[in-house]
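Reviewing the structure listed below.
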Amino acid sequence: MNQPEETNLTTQCPNKFKLLDIKNQQIANIVKFKIQLAKRIVNIKQHS
């Protein structure tokens, strides 16, 4: 009875980590995008 549960856990955990990685990657992309936007706005304000 123990064996299937163990293999089940090991197959479930990587999937959870993959989902976390995808979420973190999306958040990182959004943050980068916002920083780029902020830099552009600052540049526009400095030039005008």
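Each residue of the sequence shown is one higher than the one before, counting from 1 in UniProt numbering. Glycine is no exception: its CB is placed at the ideal position from the N, C-alpha and C atoms. Given the structure is predicted, the values throughout are model-derived calculations rather than measurements.
Alpha-carbon to alpha-carbon, residue j and residue i
i, j, result
"K32", "L20", "18 Å"
"K39", "Q26", "20 Å"
"L37", "N29", "12 Å"
Nonlocal neighbours in the same chain, by C-beta distance under 6 Å from residue i, ignoring five residues either side
i, result
"N15", "none"
Contact test: residue i Cβ vs the ligand ADP heavy atom, cutoff 6 Å
i, result
"L20", "Absent from the structure shown: the ligand ADP. Ligands present: none."
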